[in-house]
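Enquirer: Shown below is the structure under consideration.
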Amino acid sequence: MLFLRSLAFNTALYLNTIIQMILWAPVYFLLPRKKAWFVPKFWAASCLWLHKVLGGAKAEISGTENLPAGPCIIAPKHQSFWDTIAFLPSIPDAVYILKRELMWIPLFGWYVAKMRMIPIDRGSRSKALRQAVKIGRERMSEGRQLIIYPEGTRRPPGAEPAYKYGIVELYAQLQVPVVPVAHVAGLYWPRRKFLRYPGVIRARFLPPIEPGLSREDFLKRLIRETEAACDELLLEAASGPNPPPLPPTAISRIQELQKAGTASKEASSEPL
Numbered sequence: 335m336l337f338l339r340s341l342a343f344n345t346a347l348y349l350n351t352i353i354q355m356i357l358w359a360p361v362y363f364l365l366p367r368k369k370a371w372f373v374p375k376f377w378a379a380s381c382l383w384l385h386k387v388l389g390g391a392k393a394e395i396s397g398t399e400n401l402p403a404g405p406c407i408i409a410p411k412h413q414s415f416w417d418t419i420a421f422l423p424s425i426p427d428a429v430y431i432l433k434r435e436l437m438w439i440p441l442f443g444w445y446v447a448k449m450r451m452i453p454i455d456r457g458s459r460s461k462a463l464r465q466a467v468k469i470g471r472e473r474m475s476e477g478r479q480l481i482i483y484p485e486g487t488r489r490p491p492g493a494e495p496a497y498k499y500g501i502v503e504l505y506a507q508l509q510v511p512v513v514p515v516a517h518v519a520g521l522y523w524p525r526r527k528f529l530r531y532p533g534v535i536r537a538r539f540l541p542p543i544e545p546g547l548s549r550e551d552f553l554k555r556l557i558r559e560t561e562a563a564c565d566e567l568l569l570e571a572a573s574g575p576n577p578p579p580l581p582p583t584a585i586s587r588i589q590e591l592q593k594a595g596t597a598s599k600e601a602s603s604e605p606l
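According to this note's numbering, the residues represented by the sequence shown are 335 to 606, in order.
Structure below.
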């Protein structure tokens, strides 16, 4: 049953994407950019609906009240294709930093170009960072919300944090709030896997980190607050009534958290 549901969803996901890109094209490319946003947002919402109906995974996203009214940087964990689409309906005017090769995909690349994203050459990190800062500043002046994945590439739930310097430089240079986003979607929609597991995928927009911190203090706070929220969501998912299969990284992290909790309880119970 799990295989059949995964097959049905994966097939529907690709068909939905291709069909919508073709059907919406006349409307999408004729409308002004901001008015055309309803097309990718509708597509993202329809993908989440298919994931719920066919894959059995419901999305619950909280904390949208933490999104600033103006320009900001949104920094989600990156574990799955899920986190590239799930937040799109909640963000007014998103601009993604993405690898430039995506722009070369016929039709899809044209859709991306319409929304004036920030394609970068990941082969040259220093050049890519300068470009991201330069174009990001232009997009911030338009009141947009910049989405960057601080760890750069998808990582399994529970894996040791591997945050890149890019998010630090963007925070320091652009001088806008950074909103961390925590989730463990990789438990239900694993990277590089065919199977899609049922359950409730919970994600949370955390309180924004306001500009003005030093680079070091900002990075420490970003990691601390994001990882703490992810640990909470991981424990919640693992202890639920129908937990998904846990990868080794998640099992190891849960054991670490349980040991830390036990040690804390023992320390607090010792007489003074």
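Quick reminder that beta carbons are idealized off the backbone N, C-alpha and C, glycines included.
Computed from a predicted model, the values in this text were never measured in an experiment.
Mind reading off the beta-carbon distance from Q413 to P490? Whole number of angstroms is fine, and I expect it under 8 Å.
Expert: 7 Å
Enquirer: By how many angstroms is the C-alpha of G477 removed from the C-alpha of K411?
Expert: 23 Å
Enquirer: Along the chain, which unbroken stretches of the alpha helix (DSSP H) at least 4 residues long are found entirely within the region 485–531?
Expert: Listed in chain order, the alpha helix (DSSP H) elements of length 4 or more contained wholly in the region 485–531 are 500–508.
Enquirer: Among the candidates L568, I454, N576, C406, whose CA atom is the shortest distance from the CA of E590?
Expert: L568
Enquirer: For A462, which residues in the same chain have their Cβ closer than 7 Å to its Cβ, ignoring the five residues on either side in sequence?
Expert: I454, D455, R456
Enquirer: For P582, does the count of other Cβ atoms within 10 angstroms reach 16, so buried, or fall short, so exposed?
Expert: exposed
Enquirer: Terminal residues of the continuous alpha helix (DSSP H) containing F337?
Expert: 336–362
Enquirer: Give me the Cα-Cα distance between G492 and R587, rounded to the nearest whole angstrom.
Expert: 5 Å
Enquirer: Pop quiz: R530 and A391 are said to be a contact at Cβ under 8 Å. What is the actual Cβ separation, rounded to whole angstroms?
Expert: 7 Å
Enquirer: Can you name the residues that DSSP bridges to K593?
Expert: The partner list for K593 (beta bridge, DSSP) is empty, contrary to what the question assumes.
Enquirer: On the premise that I535 lies in contact with W438, defined as a C-beta separation below 8 Å, what is that separation, rounded to the nearest angstrom?
Expert: About 30 Å; that fails the 8 Å criterion.
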